[in-house]
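Encoded as structure tokens, the structure appears first; notes follow it.
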Amino acid sequence: MSEGEKAPIGVIGVGWVGLVTAACFAELGHEVFARDVVPEKVEALSRGEVTIHEPGLAELVVSNADRLHFTTDMEEVLDSAEILFVCVDTPPTHSGDADLSRVRAVVSELTDAGSHLLVMKSTVPAGTGETIMGELPGVGYVSCPEFLKEGTAVQDFMHPDRVVIGVPEGREEGGRRVAELYEPLGGDLVMTDVTSAEMVKLASNAYLATRISFINEIANVCEEVGADVTEVARGMGLDERIGPHFLRPGIGFGGSCFPKDVSALKLLAGNSGYHFQLLNAVIEVNELQKRRVVNKLIKHLGPLSGRRIALLGLAFKPDTDDMREASSLVLAARLASEGAEVVAFDPVAMEGAEEMLPGVEMADSALAALEGADAAVLVTEWPEFRDIEWQAAGAAMNRKLLIDGRNFLDPAGMAEAGFTWEGVGRAEVGPS
Ligand code: UGA
1434 MSEGEKAPIG VIGVGWVGLV TAACFAELGH EVFARDVVPE KVEALSRGEV TIHEPGLAEL
1494 VVSNADRLHF TTDMEEVLDS AEILFVCVDT PPTHSGDADL SRVRAVVSEL TDAGSHLLVM
1554 KSTVPAGTGE TIMGELPGVG YVSCPEFLKE GTAVQDFMHP DRVVIGVPEG REEGGRRVAE
1614 LYEPLGGDLV MTDVTSAEMV KLASNAYLAT RISFINEIAN VCEEVGADVT EVARGMGLDE
1674 RIGPHFLRPG IGFGGSCFPK DVSALKLLAG NSGYHFQLLN AVIEVNELQK RRVVNKLIKH
1734 LGPLSGRRIA LLGLAFKPDT DDMREASSLV LAARLASEGA EVVAFDPVAM EGAEEMLPGV
1794 EMADSALAAL EGADAAVLVT EWPEFRDIEW QAAGAAMNRK LLIDGRNFLD PAGMAEAGFT
1854 WEGVGRAEVG PS
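Note that this note's numbering has the sequence shown beginning at 1434, numbered continuously upward.
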């Protein structure tokens, strides 16, 4: 490779993190060889078809098609690239641990990988890197945890707050090579040891989840004492030591990361002999927060048996079709167990949601979901829900009741449209 030429990059595992990583490095001018074990996925991506809903991603895959090579063949990747980003998923097991079977499978394919540099992007328990390095003595190893958010992943990749690089002592050269790749993107560089880098990832997600459970509990207290949590969060967030982010109360955090990483860190601590008290509360508060919505419905409607409840939004957050650990799953199940009839609409997540929500009627539009409903619950803050003609929607409903699980709609506007609006940690508003 001549000076100034960009290093070719291998990406192993073309899920959400892998595809964003591959597409963004291609955009930065690298040849990228991305390998996945699912042939249908590889074929679709080779045709430029992206099935993940992630703003800007499909466009990058198409515009960089000449630099992006998708394959099922590990040999092709090993022959073409020295730096290998491991982006396979580590889903939760039943016990709450991270399932490392896909990481293990990759490691077993790399035993003869020679002079390659393995860059671990997958979220793994602290200590995993040390184990892998023991098994792959000839291969370079760098921990480079991922901090992308679904819905803004391309943006996050291109403008990182920080790049964390964990290197084994005495083998800093690998870390420097990875740092060079990220250099054009800016962001603070944290160069540390492998286990500390792994802990940065788990601790960051656990801390953000803790902030959410904290503000959710503050919201619950606000409801009791008559304060407005949005004002409280604003006042808190202006303290530089606190900052304004992740202080939005709601109906609990979901997604593929927070629930998994909080329980993985709790278990990791427990297995290492430390009882992480705080994280038990974070998890419990998150579960209770989902149930409070049902209690609010009962407060307004009485027993829910036979009541028709419309869920607006199903995905765990807007701008994604991801249903993993979405609050809507728990909510729909609770409503069904109360005997309610549940109808739902989500702009992009319905296809995937249908299978996970048997018994829930899927409507073609928000308005169709609201028709004849006794109440609506705003579950996911999709921007288009702000554009609903609430006056007309209310006229089609059986009862004009909106439980706003994300404090997303304007209470005064809803009252004007004849609704009773109840959010999280704010005063209820009745029709004006
Ligand atoms: C999260 C982290 O924010 C990323 O930095 C990390 O890289 C990623 O996990 C990961 O480990 O892969 P993500 O799960 O995509 O990203 O979504 P977030 O935007 O963090 O939201 C997670 C959940 O928290 C959502 O259900 C959201 O509605 C909820 N949330 C977020 C709140 O309830 N309140 C808030 O103030 C913020």
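Even for Gly, the Cβ is constructed at its ideal location relative to N, Cα and C. In this text, all values refer to a predicted model and were calculated from it rather than measured experimentally.
Between the alpha carbons of Glu1606 and Val1471 lies a gap of roughly 33 Å. When distances are taken from the beta-carbon of Ile1485 to the heavy atoms of the ligand UGA, even the shortest one reaches 6 Å or more. The region 1583–1669 is shown to contain whole beta strand (DSSP E) runs of 3 or more residues at 1595–1599 and 1621–1625, in chain order.
The beta carbon of Ser1513 lies closer than 8 Å to those of Pro1441, Gly1443, Glu1464, Phe1466 and His1502 in the same chain, with the five residues before and after it left out.
In the three-state reduction of the DSSP assignment, Met1830 falls in the coil class, being assigned neither a helical nor a strand state.
Assignment of Trp1823 by DSSP, reduced to helix, strand and coil, places it in the helix class. Counting only the Cα atoms, Gly1668 lies some 37 Å from Ala1806.
Going by C-alpha positions, Glu1438 is about 23 Å away from Cys1577.
Burial check for Arg1819: the Cβ neighbour count within 10 Å stays below 16, so the residue is exposed. Within the DSSP secondary-structure output, Arg1741 pairs in a beta bridge with Glu1774. Residue Ala1559 holds the alpha-carbon nearest to the alpha-carbon of Lys1634 among Ile1684, Asp1843 and Ala1559. By the neighbour-count criterion, in which 16 or more other beta carbons inside 10 Å mark a residue as buried, Gln1722 falls on the buried side. Ranked by how close their Cα comes to the Cα of Phe1458, the residues Gly1529, Val1611, Met1566 and Pro1570 have Val1611 in first place.
Ranked by how close their Cα comes to the Cα of Gly1620, the residues Leu1700, Ala1630 and Asp1594 have Asp1594 in first place. Apart from sequence neighbours up to five positions away, the residues of its chain that approach Arg1604 with a beta-carbon distance below 7 Å are Gly1573, ordered along the chain. Minimum Cα-Cα distance from Gly1838 among the listed residues Ala1802, Ala1702 and Phe1686 corresponds to Phe1686. Ranking Glu1487, Pro1601, Asn1497 and Thr1556 by CA distance to the CA of Gly1584 puts Glu1487 first.
In the DSSP annotation of this structure, Trp1815 is not part of any beta strand (DSSP E), being labelled neither H nor E. For the options Val1600, Gly1739 and Val1587, the alpha carbon positioned closest to that of Leu1551 is the one of Val1600. Taken through DSSP and simplified to helix, strand or coil, Ala1467 comes out as strand. In the DSSP assignment, Thr1454 falls within the unbroken alpha helix (DSSP H) covering Trp1449 to Glu1460.
Of all C-beta pairs linking the region 1660–1667 to the region 1725–1740, fewer than three are shorter than 8 Å, placing the two stretches out of contact. Phe1679 sits close to Arg1644, with the two beta carbons spaced by under 7 Å. Contact annotation, Met1756 with Ala1786: C-beta distance approximately 5 Å; criterion of less than 8 Å satisfied. Measuring C-alpha to C-alpha distances from Ala1809 to each of Glu1771, Val1587 and Ala1743 identifies Ala1743 as the nearest. For Leu1517, no alpha helix (DSSP H) segment is defined; the enclosing uninterrupted segment is the beta strand (DSSP E) at Ile1516 to Val1519. Residue environment: Gly1676 is assigned as exposed (fewer than 16 neighbouring CB atoms within 10 Å of its CB, all protein chains considered). Per DSSP, Leu1569 lies in no alpha helix (DSSP H) segment and is marked neither H nor E.
The ligand UGA never approaches Leu1533 closely enough for any of its heavy atoms to be under 6 Å from the residue's Cβ.
Rounded to the nearest whole angstrom, the CA to CA distance from Arg1674 to Tyr1615 is 28 Å. Leu1730: member of the alpha helix (DSSP H) spanning Gln1710 to Leu1734, first to last residue. When DSSP states are grouped into helix, strand and coil, Asp1545 belongs to the coil group.
Looking at the DSSP output, Ala1531 bridges to Pro1525. Ranked by Cα distance from Ala1799, the first of Leu1641, Thr1813, Leu1517 and Trp1449 is Thr1813.
Counted as a single uninterrupted DSSP element, the alpha helix (DSSP H) harbouring Val1495 occupies residues Leu1490 to Ser1496.
Cβ contact annotation for Pro1780 (same chain, cutoff 7 Å, sequence separation greater than five): Trp1815 and Glu1817, in chain order.
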